[in-house]
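*Asks:* Following this message is one structure expressed as structure tokens.
Residue numbers (the numbering used here): 5 to 824.
Printed below as a string of structure tokens:
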């Protein structure tokens, strides 16, 4: 009965939460100077992710000189949700007078304590007793409030760091946001809308900061630091309560969930004397700056600010990892950046402090280089000044080390190498590949690829031209050379590296090359053929049987060029007859005409689609989802389709039919041998495809098919639209149709959006990667819901799922009933 009761209570509280979106935390409160002492180590609270039994905590609030209202500060400790703390765990301090005003408050974390809170209450008679009674009377609510305050604080720290960087970049060079935004997203686990980067630079920053609360993605590390209470059923119900219509029926971040819970919890604390309001902490210059979402009241009920200190728990070290562990980094670079990911709090807080890149030189001496996290650069920036006189040898392995709060921490390792001269060479196959008249590309190999600062090209006259370059992979640099106006002969690449005064010269040879024609192949009936050879960018046209072909797409590679040639008369091209040695003439752009023999091969196989049928599986029927288009193919269904032979006029045992996704990343071959093809006669065939077996779970989107006979493939033709279906199990609806229903099932991330109306008005969007097993949804219209699948959002599908009605709540028994 407990899960049913909790569900009913959650729906009731959810109805109250839906009445209004919670106010943002944008009101500046006082500042707390908090210092933690553990053993002989002293740290500001901004560098402490967790407390421990026996820690000595010093607290002093900082009010402005004009402060007229007197505040009582109470430090309190909790011991879990079911255990009222003893009165000796409450430590009052009159901030306006006596020793507290002069020296602040010092307390020691008692044995058995699990959470710590600070209360700031206006001076009244009986103020301490009111706070003690409230906490001892409802310890679980304050424990939960502590967790949510910590969670919201950690999540907000990432958002504040993101906004700080974006706004700092905006006035200078807005275009740099395109480079910085992906690094910020990776470092801080922030959701960046890629469409914003397609806007003009002046509009990018404003777009990137829209809907701020929803930008924060789930971060397992910060959640593990804050989560000290809720697990199991209660944790699942938090998601249902937090998914209000104003926030998109489930499209929300952990930050939004925490804030919604705080609104619900603190609203229930109101008494005739006090109302409790949450205060989030931000780390400012080593101190805790408080931010409020409710203006404090000095009339009854007066406002008590509630501040959560870090949980009293074992340390949760950051799961920091190198982005590319195999990369080699340049130790000679002044602006050395080591890309890392996986621990956003390392970028948004000071929990990781005194970090160094620690390594050993060739002489065995340990070198510690100062390092600091920079979210805008996507990693730790290392000061390499102390490496100038260190002999690293060929390479050296170092790691990020320092402290996570009070605990020593060792992070990921990196391989470093100093720049060396005479360590560069052209990649094999590129020595004779450069020709004048067009931009060309070479690949340089070196263990020092990460040390490249600039590459220039010096021509035979001594003129230096800037070359475009980029790291391609570990040890390889791709260089695009401007050879459009160059003359054949010897040139020099000048490779400038960090740590070396002079660029390294690398001689290269540039050749003049006329087009070389190897072969032209076209299938009878096609309007496009392929010319193979070298320097095919010089080709202007090809003539075959008085039919003119003009250049299409050119592909270049180590094996030569391939040029697509398109017939200008499609009807005449379709009348070409097979000929293994048809004479052809190729005209070059400089006017030269070259002769060659072309190959007109027998026509490629062609078939026509007669019809198709989808047989739904048992699991698809259980979902109650009805296809909104006859073109949709559920992944767990069976597709039967029939084809008719066109070319050749009949089928043989060598017939194969390939079915693939649009990008051909998933492909299945049907044949007579594997049972995928059954011949009705020599002209008609029936084919069976089971997508789940053929492609697995991750295939989706448009499917196409083509025949293949004797190793020659025909044209692709559209077949169906493959969609994956969620499994919808139960639909629970309250009698009040203005309140949301709860839809339960699995694979709910496959849903793009839902509506209770056939016209899809008041639609609810499901967030990308939604991991839950239940969703708040609108009431069904005439017994039906309507949804768009993520694999085919253009089609509206009806869902028939019998709704189970929840019993009406007892208003007298429910203290939240009737509240707005």
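We put the beta carbon where it would ideally sit given N, CA and C, even for glycine.
Please read all numbers here as calculations on a predicted model, not as lab measurements.
Whose C-alpha, out of 423, 291, 483, is nearest the C-alpha of residue 399?
*Replies:* 423
*Asks:* The beta strand (DSSP E) spanning residue 698 covers which residue range?
*Replies:* Residue 698 -> not in any beta strand (DSSP E); alpha helix (DSSP H) instead, spanning 695 to 699.
*Asks:* Suppose the cutoff is 6 angstroms on Cβ atoms and the five residues either side in sequence are ignored; what does the same chain contact list for residue 645 look like?
*Replies:* 616, 691
*Asks:* Terminal residues of the continuous alpha helix (DSSP H) containing residue 512?
*Replies:* Note, residue 512: premise wrong, no alpha helix (DSSP H); beta strand (DSSP E) at 508 to 514.
*Asks:* Give me, in chain order, the residues of the same chain whose beta-carbon lies closer than 8 angstroms to that of residue 450; leave out the 5 immediate sequence neighbours on both sides.
*Replies:* Within the same chain, residue 450 has close Cβ partners 427, 428, 429, 479, 481.
*Asks:* Going by other Cβ atoms of all chains shown within 10 Å of its Cβ, with 16 needed for buried, is residue 181 buried or exposed?
*Replies:* buried
*Asks:* Specify the secondary structure class of residue 30 as computed by DSSP and reduced to three states.
*Replies:* coil
*Asks:* Under a CB-based cut-off of 8 angstroms, is residue 801 close to chain D?
*Replies:* Structure shown: chain D not included; a single protein chain is present.
*Asks:* What do you reckon, are the CB atoms on residue 406 and residue 357 nearer than 8 angstroms?
*Replies:* Residue 357 is positioned such that its CB atom lies closer than 8 angstroms to that of residue 406.
*Asks:* Below 8 angstroms, can you find three or more Cβ-Cβ pairs linking the segment 74 to 86 to the segment 116 to 133?
*Replies:* yes
*Asks:* Tell whether a beta-carbon distance below 8 angstroms holds between residue 588 and residue 547.
*Replies:* Taking 8 angstroms as the cut-off, the Cβ atoms of residue 588 and residue 547 count as close.
*Asks:* I'd like the span of the alpha helix (DSSP H) that includes residue 186, first residue to last.
*Replies:* 181 to 192
*Asks:* Residue 171 lies in the alpha helix (DSSP H); which residues open and close that run?
*Replies:* Note, residue 171: alpha helix (DSSP H), 143 to 173.
*Asks:* For residue 421, list the residues DSSP reports as bridge partners.
*Replies:* Its beta-bridge partners are 334.
*Asks:* Sorted by chain position, which residues of the same chain lie with C-beta nearer than 7 angstroms to residue 203's C-beta, five sequence neighbours on each side aside?
*Replies:* 211
*Asks:* Where does residue 645 sit, in a helix, a strand or coil, going by DSSP?
*Replies:* strand
*Asks:* Measuring alpha carbon to alpha carbon, tell me which residue in 541, 662, 730, 739 is nearest residue 749.
*Replies:* Among 541, 662, 730, 739, the Cα nearest to that of residue 749 is on 730.
*Asks:* For residue 601, name the three-state secondary structure that DSSP assigns.
*Replies:* strand
*Asks:* Can you tell me whether DSSP reads residue 393 as helix, strand or coil?
*Replies:* coil
*Asks:* Any idea what DSSP makes of residue 400, helix, strand or coil?
*Replies:* strand
*Asks:* Closest to residue 502 by C-alpha separation, out of 463, 454, 115, 317, would be which residue?
*Replies:* 454
*Asks:* Have a look at 131, 592, 351 and flag the residue whose alpha-carbon is nearest the alpha-carbon of residue 166.
*Replies:* Among 131, 592, 351, the Cα nearest to that of residue 166 belongs to 351.
*Asks:* Would a C-beta distance cut-off of 8 angstroms place residue 193 and residue 160 closer than the cut-off?
*Replies:* no
*Asks:* Measuring alpha carbon to alpha carbon, tell me which of 698, 797, 59 ends up nearest residue 117.
*Replies:* 59
*Asks:* Just curious, the alpha helix (DSSP H) that residue 575 is in, first and last residue?
*Replies:* 574 to 577
*Asks:* According to DSSP, is residue 111 part of a helix, a strand, or is it coil?
*Replies:* strand
*Asks:* Near residue 597, what residues of its chain come up, given a Cβ to Cβ distance below 8 angstroms and the 5 sequence neighbours on each side ignored?
*Replies:* 589, 590, 591
*Asks:* Restricting to runs no shorter than 3 residues, where is the beta strand (DSSP E) found entirely within the segment 477 to 551?
*Replies:* Annotation: the segment 477 to 551 contains the following complete segments of the beta strand (DSSP E) (minimum length 3 residues), in chain order: 480 to 485, 493 to 501, 508 to 514, 520 to 527, 532 to 538, 543 to 548.
*Asks:* Counting only runs of 4+ residues fully inside the segment 319 to 389, write out the alpha helix (DSSP H) ranges in chain order.
*Replies:* 349 to 352
*Asks:* Between residue 585 and the rest of its own chain, which residues show a CB-CB distance below 6 angstroms, the 5 nearest in sequence each way excluded?
*Replies:* 601
*Asks:* Please return the same chain residues whose Cβ sits closer than 6 angstroms to the Cβ of residue 485, not counting the five positions on each side in sequence.
*Replies:* 444, 461, 471
*Asks:* Roughly how far, in whole angstroms, is the beta-carbon of residue 747 from the beta-carbon of residue 781, given that I think they are within contact range, below 8 angstroms?
*Replies:* 5 angstroms
*Asks:* Whole angstroms are fine: how far does the CA of residue 27 sit from the CA of residue 289?
*Replies:* 27 angstroms
*Asks:* Does residue 84 come out as helix, strand or coil in the three-state DSSP assignment?
*Replies:* Residue 84: coil per DSSP, three-state reduction.
*Asks:* Compute the Euclidean distance between the alpha carbons of residue 660 and residue 710, then round it to the nearest angstrom.
*Replies:* 9 angstroms
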